Structures are given as structure tokens and as C-alpha cells.
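One structure below.
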Amino acid sequence: MEWHNDWYKRMSFYQIWVRSFADGNGDGIGDLYGVYDKLEYIRSLGVDGIWFSPLYPSPNADYGYDISDYRDIHPEYGTLEQFKKVLHKAHDLGLKVIMDLVVNHTSDEHPWFLESRKGKDNPYSDYYIWRDKPNNWDSLFEGKAWEYDKVRGQYYLHIFAKKQPDLNMDNPKVREEVKNIMRFWLDMGVDGFREDVINFISKKEGLPNGLPFLPAVNGMPYYKDGPHIHEYMAEFREVCKEYDCFQIGEGPMTTVQSAMKYLTGPTKSLDMMFSFDHMMADCIYTEYVHRPFSLVKLKRAFTKWQKALAGKGWCSLYLENHDHPRIISRYGSVHYWRESGTMLAASFLFQQGTPFIYQGQEIGMTNIRLHSIDDYVDVSTKNNYHSYHLKDTIERRLKRIHLSSRDSSRTPVQWDATRYAGFSKVKPWFYVNPNYRKINVAAEEKDPDSILNFYRKCLALRKQSKTLIYGEYKEYFPKDPNIYMYERSLGDIRYLIICSFSKLPVKVHFPENYADRKGQLMLCNYPDGPQVMADSLRERAHQEVSLLAAEHGMFRPYETRVYRFRERTQRS
Ligand code: GLC
Ligand code: CA
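Note that numbering that gives the first Met the number 0 gives residue 423 to position 424 of the sequence shown, counting from 1, and the numbers run on in steps of one.
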């Protein structure tokens, strides 16, 4: 099989949520000066690109996802000139840069909205979705999805927060605006877009009432994958074709069947999609209902997407971003912090797809526990606390927030063990996780067995292997509640990736077709390698060469191993 021209398939990305990344100018808020100084660090991870969560001017009702100017940089983060400096330096270092394109809604302080609310004769009147009488839809973030505007004397639709009015994408002028925004950034040299809630932009004509018993998501059947979505997406794709750019769409609650329409065939309009299935192995709808973590559910989600897209499309791979709490606190264990943090890396980085690593994930940052809901700042966290399960005690409601708050992934990045974790010289805009003395970049740089260095090893291994990039995916023992085992194969090379999600030692059975094979141990997250083999290994010149055999299959808590096999019939 040949190398494809699709550059994004060989890449991995690092996501920056700038406000909490690094403060370069000493006001306690992360910014593009801080990013500029950390670009070498980002490159050192072995990633090839950066996705910036919104950097644009915003009243910050939803921290940047409520945009008031699509063609500028938020003054707290820098200037357009500073952005260009970051972009050029990133390019010089070989890093692509993709921007967040948030066009389902704007801020209510965007000039279009300020005009639109003035009245029906205004040229911007139809830029938003206005009605005299609201339907029964709930907002995902704040109460009902309709807000009465006194100036206009009508209600406007907001699927997210009140300060995020939905754009009327049925209006061709709005679509022209979107295309011009894309061209503005592409002309400057950015390499593509991550498109926010892009499967919500086309609403069903007539906006029918939703099912009353589905809180928060009752309108979703009428705005997810709406009637004109693929026409609109095709228009945006045309812009991207003018440039060699790439598009990844966020698809909240998308099913693999509907994702296929965006990713394959005549309606292909995106190179990848961020799906949510695998983020619901311990919850429903990401934060409303919690349930104990189920590895079987997680594996089912992983494998469903891997299989459906095999040979037809391409997966995105992620376990964290600015919308989900930290993964060690969810699918791993803070008691086995290093073990589970490294194991989780191997559980997703070797699947077929393009990995996205969220700031702080590479050092194993964990959730924060604040003592009162007033200490949290995220609009959806507050809504969750104040609107659902109101009969619960305060303790129980806070516990839910500890498990689910997006604020947990938005605490300042922990750079070193000095005051404020080296994020800033002054008190940061948001709480620093008190574990920064142990969990920080500087400490992990020095430690060859750190989570940070494990991420580097994984990314380096992936990058030099066609098999790990293009190879076929196969899962073994899908019903095993403790072990996730998957294989990647291409030509005569095979990789077997084994991840224990158990706090207890577990015996691993290898697939029958592996019984007498000789494999090379490429990675193991326990510094001394597989325990039972340690003695025989010590005698070998190359510690990393080992035999894989059934009796060696005892895995310690959260142990992970990556083996490489070459068919013996082939010449090496
Ligand atoms: C996406 C973003 C999220 C934001 C929402 C509304 O899900 O990732 O942060 O709150 O869209 O824009
Ligand atoms: Ca700053």
C-alpha cells in the first residue's frame, strides 16, 4: 500500500485552549506571547500541528465560543500581529495550524446581532432565527432555547447559552459571511479548521416541537444533521478546495451512520469528525447522568468507529479536550496516576486515525475539586448544578460537578513546581490544581519514565510506522472487562497493543494466532518491562526484545505493552 497524499493522516495535533496555556505578559491570563515561547516544547512532543480553540474577541460567556469579531484576536490574548508571529514560527518549526470555526452561533454582542435585533427591516434582520412564539426546545446550556428580545419584540433561538444566538444558515448571506471568514484566515496562511457543532447548523423547517420527556436535548432531532446540512457543508468544502486545507467537524451526539455522510461518498465535506461515543463510557450526554466506567462500552465505541471508517474515511482520535474532564480521573485512576496515564495514551494513540492531544493531557493533569459551585466558571457546569437533580443534597450535586465539569480541563497548565505552577507570575485567572508540585512539565522532562516522555515515545513510534498509521485495525476479546487488546497490521508487520484497565493484576490470554510468535516489545509503561520476563530480559543485550508467550501474560495494574511482529516467512 502506498503513502497517501492526505497529509493529515500522518499527523498528530496538540490542542491549545489559550486562556489556560501560558501567560506571557504577566496578567494572569494565558496568551499568544506564552504560546510563542512554548512552540518548541509543543514540537518536542512529536506532534505536527496545533488546533487553537477560539482566539477571537469574545465577551467570554462561553470562553471564546461566543464570538463578537471573527477577524481579530481577543486583546487579552494578543493582537493579529502576534498571531501572525505565532503562525510563522509554527510553520518554521513544521507545525500546521488550524483555527476553530464557530458558526452555529455568534455572541449576542456581535455587530450582526446588534443590528438584527433592531427590527425586521434591518439588513441583518434574517441573520438569526427570530419567532413571535417560541417552540418547546430546551437549550443545551441554559433553560429554554428561546430568549425574548425587548428591542426587537421577538424571541431568538439559542441552542447554547443565552449570549450565543444561533445564526440562520438558511440565509445565503450568512453562508457567504462564513466563506469569507474562512478565506480571511486561509489567506493569512492557516491550514484548516475545526468546525464547532457543525452538525447543528441546519434546522428543520417550521422548527417543530420536540419530545417533552427529553430534557435539554428535546430539540436535537430537529437541529442535528438537519435537512440542508450537506448542501451547506458542500459550499464550505468548495472554499477549502481553493486551498490545501483540511477540515475536522465537531459532531456532538453524531452516530457513525450520519457521520459517514460527512466523511465519505458524494456528500463528503469533512476530512474527519470528532465523535462523542467513546466519551460516554461513564456517563450519558457527557454530563447529565453518571454511571460507573465500563471498559466494554468504551471498546465498543472505539471499535464501532474504527470498523465503520476502515478503508472509507478517517477517524480522529482523542480522549480529552476543553469540553471533557481529565481522562485519568475518569477512565484511569489517580492512585495509579502514572500507570493509568501512560496506559490511556497507548489505548488511543495507536488506533487508525489522527490523534489530538489536549494541553496538559501529556503530563497527566487531573480533575480539580472546588468546594462551592460559585468557584466554578463554566456556564454549562453552573447550569448542570442549578437545573438538574435538584432534589439531591449539595454534596451529591457537587460530586456530579467534580466528575463532569468542563472547568476541570481548563485549569492552568502546570509548567513547573514554582508558585502558580509556572503558568504566570501573578495570580492566574482560574484555580491551579494543587497537585502541580508533583504533576508538572519540568519534573516530567527530567524523568525518563514520565507520562510526558511516554507520550513522546508513542508519537515517535506511530510516526515511523506505516502499519500504525495505515494498518488494519482488529480488536480481540471485546467482552473482556479489564483488557483492551487491539492489533494493527499491514503487509508482514503487525502490532499488538494491550492495555489493562484494572487496578488489580490480571492474567492476559493472548489470541491463538499469536501463540508461538516472536515479538519485539516496543513499549511498556512499567520501567522494568514485563515483570515475569525481567530475569530473562536482563541477560539480553537489548532489553526491549522479548518473547511473547501465554505464561508471560500477567499484567500489573494499568499495565500496557506494545509488541511488534514480523511474519517469519518474509525476509527482513
Ligand atoms: C462546542 C465547543 C464547546 C462550546 C459549544 C458551543 O461543543 O467545543 O466548548 O461550548 O460548542 O459553542
Ligand atoms: Ca497574559
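Where is the CB? At the ideal position from N, CA and C, for every residue including glycine.
All figures in this text were calculated on a predicted structure; none of them were measured in a lab.
| Check | Outcome |
| --- | --- |
| Three-way DSSP call (helix, strand, coil) for H508 in this model | coil |
| Range of the contiguous alpha helix (DSSP H) that encloses G340 | W336 to L348 |
| 7 Å Cβ shell around Y631 - same chain, five flanking residues per side excluded | Only positions 0 to 571 of the chain appear in this structure, which leaves residue 631 out of reach. |
| For K8 and I496, believed in contact at Cβ under 8 Å, the rounded distance | Going by Cβ atoms, the distance from I496 to K8 rounds to 19 Å, so no, they are not a contact pair. |
| Three-state secondary structure assigned by DSSP to E146 | strand |
| Unbroken stretches of the alpha helix (DSSP H), 4 residues or longer, contained in the stretch 160-195 | 171-187 |
| Straight-line Cα distance separating I450 from Y562 | 19 Å |
| Own chain, CB closer than 8 Å to H388, minus 5 neighbours either side, in chain order | R395, R396 and R399 |
| Run of the beta strand (DSSP E) containing S273, from where it starts to where it stops | Reading the sequence as shown, one finds Phe at residue 273 and not Ser. F273 -> beta strand (DSSP E) spans M271 to F273. |
| Beta carbon proximity, N134 to chain D, threshold 7 Å | The structure shown contains no chain D; it holds only a single protein chain. |
| Minimum C-alpha distance to D322 - residue among E146, P251 and P56 | P251 |
| P447, buried or exposed, once every other Cβ within 10 Å from all chains shown has been counted against 16 | exposed |
| Cα-Cα separation between P214 and P529, rounded to whole angstroms | 49 Å |
| Under 7 Å between C-beta atoms of Y375 and S404 | yes |
| Beta-carbon gap between D115 and S106 smaller than 7 Å | Sequence inspection shows Ser at residue 115; the Asp mentioned does not correspond to that position. For S115 and S106, no; Cβs fall outside 7 Å. |
| R130 versus I492: straight-line alpha-carbon distance, rounded | 60 Å |
| Delimiting residues of the alpha helix (DSSP H) encompassing Q81 | L79 to D91 |
| Run of the beta strand (DSSP E) containing L495, from where it starts to where it stops | I492 to S499 |
| Beta bridge counterpart(s) of P354 as assigned by DSSP | L316 |
| G188 beta carbon less than 7 Å from that of K203 | no |
| With 16 other Cβ atoms within 10 Å as the buried cut-off, status of S43 | exposed |
| Ligand 1 heavy atom lying under 6 Å from the CB of E107 | Inspection of the sequence shows that residue 107 is occupied by Asp rather than by Glu. Incorrect: D107 has no Cβ contact closer than 6 Å to ligand 1. |
| Local conformation of E550 per DSSP, three classes | Residue confidence for E550 is low, a pLDDT of 46 falling below 50, so the modelled location carries little weight; the figure read from the coordinates is stated next. Correct three-state label for E550: helix. |
| 8 Å CB neighbourhood of K381 in its chain, flanking five on each side removed | I372 and Y375 |
| Given M272 as reference, the closest of I197, K456 and Y154 once Cα atoms are compared | I197 |
| Member of G29, W414 and A89 whose CA lies at the smallest distance from the CA of D47 | A89 |
| Y7 in three-state terms, based on DSSP | helix |
| G29 vs A21 beta-carbon contact at 7 Å | yes |
| Local Cβ density within 10 Å of D534, reported as buried at 16 or more and exposed below that | The predicted position of D534 is uncertain, since its pLDDT is 41 and thus under 50; a value taken from the coordinates is nonetheless stated next. Looking at its Cβ environment, which holds fewer than 16 other Cβ atoms inside 10 Å, D534 is exposed. |
| Supposed contact pair L54 and I72 - C-beta distance, whole angstroms, cut 8 Å | 5 Å |
| CA-to-CA distance, R455 to P556, given in whole angstroms | 22 Å |
| DSSP state of K95 mapped onto helix, strand, coil | strand |
| Whole-number beta carbon distance between D415 and V431, since they are thought to touch under 8 Å | Between D415 and V431 the Cβ distance is about 12 Å, and since that is not below 8 Å, they are no contact. |
| Start and end residues, beta strand (DSSP E) containing G518 | K517 to C523 |
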